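Chemist: Here it is, the structure, as structure tokens.
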Amino acid sequence: MTGRVIVITSGKGGVGKTTTSANIGTALAKNGSSVVLIDTDIGLRNLDLLLGLENRIVYTLVDVVEERCKLKQALVKDKKNPNLCLLAAAQTRDKSAVTAEQLKNITEQLQEDFDFIIVDCPAGIEEGFKTAISGASEAIVVTTPEMSAVRDADRIIGLLEAKDEIKSYKLLVNRVRPGMIQANDMMSVEDVVDILSCDLIGIIPEDTGIITSTNRGEPIVNDEKSIAGKAYINVAKRIMGEEVPFMNLDEPKGFAAFIAKIKNFFGPKE
Amino acid sequence: MKENIFSNFYAKVLSFFTSGKEEGETSRDNATNRLKLVLMQDRSNLDGATMQKMREQLITVISKYIEIDTEALDLNLEGDGEEIALMLNIPVIRARTREEIEELEEQEKREIEEAKQAAIEEALKSKEENNEENDASCEEEQDDENKEETENENTEENVEENTQEEQAETAEEAGEENKEENAPEDEEETEEKPKRKRKDKENN
């Protein structure tokens, strides 16, 4: 078996790379695939927190590289999903602790046992980024409809294009606020796609549930009611090759909007 | 106070029935247009320094015909929706008369001629030095500076190349001098701008 190595990257920090990694990984695992998540943000690890696994980490990526443990020993099984594993980053080291060669070596080993290897990339375009993309053949570029995030995504796309090993890269637009777009206060997903001229793999609406789910240490895909969770499940399906239409995030117009306003007036739901 | 409450209430009622659309450029257009421009600059090689170079050369050419306010000259990439344009905004002080233009052209010609002459002299001098080192027997001939034919063809070719290059350089210098004469204060601004832009780039 040769698993697919997908790197989740963005350039800019804080656009939701780690959240996306955690949710896509969990969604793929829920779908029956075997998945390993690798946190390459050495020194600033957070993927463990989002999955609620922070107390179970014994060995890290750096321990594997420096041969203090076997690769399998460093894989932490998810609480709920036995198909999902995490290879955590070391918190007390920096990006220079793992080279591109070493990470590539690790992803190649993991490809034999897993369907998907999801690599959570650090922010920036320096060595940490270069290391993270070293073993990958696919990439998901996360951005938000904000100017700085789109500009950085453009830079990342340029760098991915220049790397022959990356066979495909897709865009995921995160934290979309349909209300603001409808009021013409924010760039729409179409605007972003048009500017970056890159294929789209997902649109994730802004969802306060992301914060509470992080607080609980549980990816939002586990919450079936959440819109963001559903959007992430759709992304996972698209990765699997299914054709899933993009959700209609538009807020109701006309009479429906009037009803919604009245409903809101008498007590907005959370 | 009462009016305030009333207008607030009115605004609320109004917003209840309208979707709050505004005319003109929306915040969304603003973001898309600015982003398109900045990405065009990011993707191309038109960085601050190159734009500055272009600006300087444009000033030199235009100043020949029109007296312009070089400090207020504005050269920018601007975009309106799909189209991106290079916008050059030049405040004109006054058009030059034909005599002035001719005089400037004359002056330029003279300067180029002088520069050429200087370049040739320089080249001949350096040739002389070279030949002194290379071939002692040629010494007698090189005393005559104006004599263009020499026995050694290779060195002559070299000299021609040299003089051409130097002519180009000196012509450029002459152009700059010309510009300085027209707008002595401009130098400061043109020095400052590219540095700031380059700094921005580094930070990004």
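These protein sequences, in sequence, are chains A and B.
Position in the first sequence (from 1) plus 1 gives the number in the working numbering.
Position in the second sequence (from 1) plus 120 gives the number in the working numbering.
C-beta: ideal position from N, C-alpha, C; glycine also.
Owing to the predicted nature of the structure, the values given are computational and were not obtained by experimental measurement.
#1: Report the rounded CA-to-CA distance for A:T41 versus A:A133, giving the unit in angstroms.
#2: Taking 8 Å as the CB-CB cut-off, is A:K164 touching chain B?
#3: Taking only beta carbons into account, state which residues of the region 156-176 of chain B come closer than 8 Å to chain A, listed in chain order.
#4: Where does A:G203 sit, in a helix, a strand or coil, going by DSSP?
#5: State yes or no: is the C-beta of A:I240 within less than 8 Å of the C-beta of A:G230?
#6: Below 7 Å between beta carbons is the criterion; list the residues of the region 142-154 of chain B that meet it against any residue of chain A, in chain order.
#7: Would you say the region 144-158 of chain A touches the region 63-74 of chain A, given that touching needs at least three Cβ pairs under 8 Å?
#8: Comparing C-alpha positions only, which one of B:N250, B:A192, B:R214, B:E198 sits nearest to B:M207?
#9: Just tell me which of A:I141, A:M187, A:T215, A:V63 has its CA closest to the CA of A:L104.
#10: Would you please verify whether the beta carbon of A:V120 is less than 8 Å from any beta carbon of chain B?
#11: Can you list, in chain order, the residues of its chain whose CB lies under 6 Å from that of B:L195, leaving out five sequence neighbours each side?
#12: Leaving out the 5 sequence neighbours to the left and right, which residues in its chain are closer than 7 Å to A:I211 when beta-carbon positions are compared?
#13: Helix, strand or coil for B:E198, going by three-state DSSP, please let me know.
#14: Taking 8 Å as the CB-CB limit, is A:I196 close to chain B?
#15: Can you give, in chain order, each stretch of the alpha helix (DSSP H) that sits fully within the region 160-187 of chain B and has at least 4 residues?
#16: Just checking A:K226 against the ligand ADP - is the residue's beta carbon closer than 7 Å to any of the ligand's heavy atoms?
#17: In the structure shown, what three-state DSSP assignment does A:L85 receive?
#18: Scan the region 69-95 of chain A for residues whose Cβ lies nearer than 8 Å to a Cβ of chain B and list them as they occur along the chain.
#19: Would a C-beta distance cut-off of 8 Å place A:S34 and A:D114 closer than the cut-off?
#20: Go ahead and label A:Y60 buried or exposed: buried means 16 or more other beta carbons lie within 10 angstroms of its beta carbon, across all protein chains shown.
#21: Is it right to say A:I182 is buried, meaning 16 or more other beta carbons lie within 10 angstroms of its own, or is it exposed?
#22: Report back the beta-carbon spacing between B:I204 and B:M171 to the nearest angstrom; my notes put them in contact at under 8 Å.
#23: Can a CB atom of chain D be found closer than 8 Å to the CB of A:R176?
#24: Any chance you could list the alpha helix (DSSP H) runs of at least 4 consecutive residues sitting entirely within the region 140-181 of chain A, in chain order?
#25: By Cβ distance, which residues of its chain are closer than 7 Å to A:K73, with the 5 residues on each side in sequence left out?
#26: Should A:G203 be labelled buried (16 or more other beta-carbon atoms within 10 Å of its own) or exposed?
#27: From which residue to which residue does the alpha helix (DSSP H) around A:A237 run?
#28: Could you tell me whether the region 151-160 of chain B touches the region 176-185 of chain B, where touching means 3 or more Cβ pairs closer than 8 Å?
#29: Chain B partners of A:V143, CB-CB under 8 Å?
#30: Comparing alpha-carbon positions, which option in A:N216, A:I260, A:E219, A:L201 lies nearest A:P246?
#31: Shorter than 8 Å from the beta carbon of B:N282 to some beta carbon of chain A?
#32: On the DSSP letters alone, give me the boundaries of the alpha helix (DSSP H) that A:A124 sits inside.
#33: Compare the C-beta of A:D42 against all C-beta atoms of chain B and say whether one is closer than 8 Å.
#34: From the DSSP output, in three-state form, read off A:V8 for me.
Modeler: In short, the structure shows the following:
#1: 6 Å
#2: no
#3: K156, V158, L159, D162, R163
#4: strand
#5: no
#6: T146, S147, R148, A151, T152, R154
#7: no
#8: B:E198
#9: A:V63
#10: no
#11: R175, L208
#12: T20, I221, A229
#13: strand
#14: yes
#15: 168-183
#16: Only the bare structure without any ligand can be found here, which leaves the ligand ADP out of the picture.
#17: strand
#18: none
#19: no
#20: buried
#21: buried
#22: Wrong, their Cβ atoms sit about 14 Å apart, outside the cutoff.
#23: In the structure shown, chain D cannot be found, because the protein chains are A and B.
#24: 148-162
#25: none
#26: buried
#27: 228-240
#28: no
#29: Residues of chain B passing the Cβ test: none, with the nearest at roughly 17 Å.
#30: A:L201
#31: Only weak support exists for where B:N282 lies, its pLDDT of 49 falling under 50; the value from the coordinates is given anyway. Not closer than 8 Å to any Cβ of chain A, the Cβ of B:N282 fails to qualify, so no.
#32: Neither: A:A124 is in no alpha helix (DSSP H) and is coded neither H nor E.
#33: no
#34: strand
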